[in-house]
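J.: One structure is given below, represented as structure tokens, and several questions about it will come after.
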Amino acid sequence: MKARTILGVIGMMFVLVQSGIAGGSGDIQKYFNDTACKVKATAEPSQKREILNSSLQIMSKTLDKVQGSLLISKEDRASINRFKAALQEKQDELTGSNGYERVSDTQLNAFSDYVVQDMEQASKTITVTVLTAILIAVIAILLIAR
Amino acid sequence: MQSPHNRSFTSATQAYSMPFWGIGCVALVLFLFSCSSIRPSHRETPLVEESAIPPRYSIVCIIHGDGGYLYHDLHGNEYRADEEALGRVTTVAAQNPQAEVFIFHERRRRHALLFFPLRDGKFYYYRNGQLLAEEDYWRDKGESRSDPEVDLYNRFRAEERPGLVRLFLYFGHEIPEFGGAGYDASYKNQTFTVDDLAGGLERITRDSTKFDLIVLSTCFNGTPYTIAALAPYARYIIASPGNLHLSYFDLNPFERLDVRLRDGDVSAFANKFARQAFDRLISDVQTEVTVAVYDVGRVQGFLHSIDSVYDHTLTTLKGETPASLEHCDCAEDPAYVLPGMSDGVDLFYRPPLFGRSKHKQSHSGWECWRHLK
Numbered sequence: 058m059k060a061r062t063i064l065g066v067i068g069m070m071f072v073l074v075q076s077g078i079a080g081g082s083g084d085i086q087k088y089f090n091d092t093a094c095k096v097k098a099t100a101e102p103s104q105k106r107e108i109l110n111s112s113l114q115i116m117s118k119t120l121d122k123v124q125g126s127l128l129i130s131k132e133d134r135a136s137i138n139r140f141k142a143a144l145q146e147k148q149d150e151l152t153g154s155n156g157y158e159r160v161s162d163t164q165l166n167a168f169s170d171y172v173v174q175d176m177e178q179a180s181k182t183i184t185v186t187v188l189t190a191i192l193i194a195v196i197a198i199l200l201i202a203r
Numbered sequence: 078m079q080s081p082h083n084r085s086f087t088s089a090t091q092a093y094s095m096p097f098w099g100i101g102c103v104a105l106v107l108f109l110f111s112c113s114s115i116r117p118s119h120r121e122t123p124l125v126e127e128s129a130i131p132p133r134y135s136i137v138c139i140i141h142g143d144g145g146y147l148y149h150d151l152h153g154n155e156y157r158a159d160e161e162a163l164g165r166v167t168t169v170a171a172q173n174p175q176a177e178v179f180i181f182h183e184r185r186r187r188h189a190l191l192f193f194p195l196r197d198g199k200f201y202y203y204r205n206g207q208l209l210a211e212e213d214y215w216r217d218k219g220e221s222r223s224d225p226e227v228d229l230y231n232r233f234r235a236e237e238r239p240g241l242v243r244l245f246l247y248f249g250h251e252i253p254e255f256g257g258a259g260y261d262a263s264y265k266n267q268t269f270t271v272d273d274l275a276g277g278l279e280r281i282t283r284d285s286t287k288f289d290l291i292v293l294s295t296c297f298n299g300t301p302y303t304i305a306a307l308a309p310y311a312r313y314i315i316a317s318p319g320n321l322h323l324s325y326f327d328l329n330p331f332e333r334l335d336v337r338l339r340d341g342d343v344s345a346f347a348n349k350f351a352r353q354a355f356d357r358l359i360s361d362v363q364t365e366v367t368v369a370v371y372d373v374g375r376v377q378g379f380l381h382s383i384d385s386v387y388d389h390t391l392t393t394l395k396g397e398t399p400a401s402l403e404h405c406d407c408a409e410d411p412a413y414v415l416p417g418m419s420d421g422v423d424l425f426y427r428p429p430l431f432g433r434s435k436h437k438q439s440h441s442g443w444e445c446w447r448h449l450k
């Protein structure tokens, strides 16, 4: 498992550098798209909720760790802050806290689509440098592999 | 006479020099190709054969692909928004026997052998449903950003006939109203703003003829500033004041303009297009959907009444960090809530199905700026 994780990390870093990620948000979108696919593949609402919650938490923790790095630029730090705030809003809505109405069991599939689509708008998306994107991908993989 | 040492050294160097010469030749050819100022133009058929039928419709389409354009459908399949838009636009071009269509695909810069830059723009020219030219071009040649595309447009455009219906489509991320650095991932130090787009449109329209319809398939460009900047070059503008999913607007209505726009009623066509785009988006996306049709003549009154307010806002915002700003409905700022705010704006709106705005039941059709709370 450890060897596979390390290989996955190395492979991801190679792909990220080679593809010269513009924006860096592509892999984060793929991460949440995977989450949405897993949510829809499960029939049990409690499992759907757990998958979503876990996925949002892992990404939040990843961003916390990346923000703590001295290698991150001021612009990337600001972008990450906004993104973290958006993730927190989604977690709050999922659980029904902070003034949000809890997402009902019947809406969990749609909510998982919403999480993905909210990142796929034709606006000036959250942009991070290649370095930051690599750090996010690496840390996310390591956190998932634990 | 060569000594044994020299002979073995010579034969050893010969053994290594051949592959190096081969690699060097390949590299040199690639280098010369990438630097070549000769534009390799590929024409499918000679233009002169097609000029007998002057087009009734002219469509100019810019598809921005130099950025993050990945999205997924509801089944989790991955797409690139610019590639999908290109496919749809080429279908439109092939399905219009009475149109000329200019397609500019602005792609990310790539390199051969990691060092030699390759042309990063792709141009397609269709006339009467036939692909007549396909050409790679350099996006960064010329004094202004639009130079390469205006140049190609002028080289290929047909002679104008009276009553030509002119349409302009743009697909990409939100076009900035200020700043604009980094819009192109490959040219991070260059800027692209609404003013640059307006400058390009001015050069294409030249003699004060306007586009009958401009469609901006971007987020957040249904703003007083953007509409005012493009107003000199358009009779009608379709834009999204809010977010727009990367699956963009449905282009089906642009197929067979000779049927769908036969009566020349661009206003009705624009509304029908906006409605169809809206209906498709609300069936697929959970996020906010806003599609607005601006009758340029009728919105001028409102634009004049608030332009100093909006200009002052922009001037203030130019010194701020983007992360401290957000878009908002202009109706949330009393300075913009004036008589005539909705005149000339036909809006199709549905709030997001989740999030803080899910209970927002209406939208003014105009998007503004504010500081993040």
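Chain order of the listed sequences is C and B.
Residue numbering for the first sequence follows the numbering used here, beginning at 58 and increasing consecutively.
Residue numbering for the second sequence follows the numbering used here, beginning at 78 and increasing consecutively.
Ideal Cβ placement from N, Cα and C applies to all residues, glycine included.
Predicted, not measured: the structure shown is a model, and the values here were computed from it.
#1: In chain C, which residues lie with their C-beta within 8 Å of the C-beta of B:R433?
#2: Say whether chain B places a C-beta atom closer than 8 Å to the C-beta of C:A135.
#3: Counting pairs of Cβ atoms below 8 Å between the region 430-437 of chain B and the region 384-404 of chain B, do you hit three or more?
#4: What is the rounded straight-line gap between the Cα of B:A351 and the Cα of B:L290?
#5: In chain order, which alpha helix (DSSP H) runs of at least 4 residues are fully inside the region 201-280 of chain B?
#6: Unbroken alpha helix (DSSP H) runs of length 4 or more, entirely within the region 120-188 of chain C: which are they?
#7: Name the chain B residues that come within less than 8 Å of C:K107, Cβ to Cβ?
#8: Within the same chain, show all residues whose beta-carbon is closer than 6 Å to that of B:N320, passing over the 5 residues directly before and after it, in chain order.
#9: For the region 128-159 of chain B, enumerate the residues whose C-beta is nearer than 8 Å to any C-beta of chain C, in chain order.
#10: What is the DSSP secondary structure of B:D406, counted as helix, strand or coil?
#11: According to a CB-to-CB cut-off of less than 8 Å, which residues of the region 285-297 of chain B neighbour chain C?
#12: Three or more beta-carbon pairs under 8 Å between the region 161-180 of chain B and the region 127-143 of chain B, yes or no?
#13: Let me know if B:L449 comes out buried or exposed under the rule of 16 or more other beta-carbons within 10 Å of its beta-carbon.
#14: Taking Cβ positions only, does B:Q438 come closer than 8 Å to chain E?
#15: Which residues, in chain order, does the region 341-371 of chain B contribute to contact with chain C at a C-beta distance below 7 Å?
#16: Using the three-state DSSP reduction, which class does B:H440 fall into: helix, strand or coil?
#17: Between which two residues does the beta strand (DSSP E) holding B:F326 run?
#18: Evaluate the contact criterion for the region 409-425 of chain B versus the region 273-285 of chain B: three or more CB pairs, one atom per stretch, below 8 Å.
#19: Nearest chain C C-beta to B:A258 closer than 8 Å, yes or no?
#20: Assuming B:A235 contacts B:R204 under a Cβ cut-off of 8 Å, what Cβ separation, rounded to an integer in Å, is found between them?
#21: Among B:A308, B:I359, B:A400, B:H436, which has the Cα closest to the Cα of B:R375?
#22: Let's see if you can read the secondary structure: which residues bound the alpha helix (DSSP H) around B:H381?
#23: Smallest Cα separation from B:Y59: which of B:A408, B:F181, B:H141, B:L208?
T.: With the structure as the only source:
#1: E146
#2: yes
#3: no
#4: 12 Å
#5: 224-233
#6: 131-152, 165-174
#7: Note that residue 107 of chain C is Glu in the sequence shown, not Lys. Going along chain B, no residue has its Cβ under 8 Å from C:E107, so there is no contact; the nearest lies around 18 Å.
#8: C296, T364, E365
#9: D143, G144, G145, L147, Y148, H149, L151, G153, E155, A158
#10: strand
#11: S294, T295, C296, F297
#12: yes
#13: exposed
#14: Any reference to chain E falls outside this structure, whose protein chains are C and B.
#15: V362, Q363, T364
#16: coil
#17: Note, B:F326: premise wrong, no beta strand (DSSP E); not H, not E.
#18: no
#19: no
#20: 7 Å
#21: B:A308
#22: 373-394
#23: Summary: the structure shown does not reach residue 59 of chain B, with chain B confined to residues 78 through 450, and so no result is reported for it.
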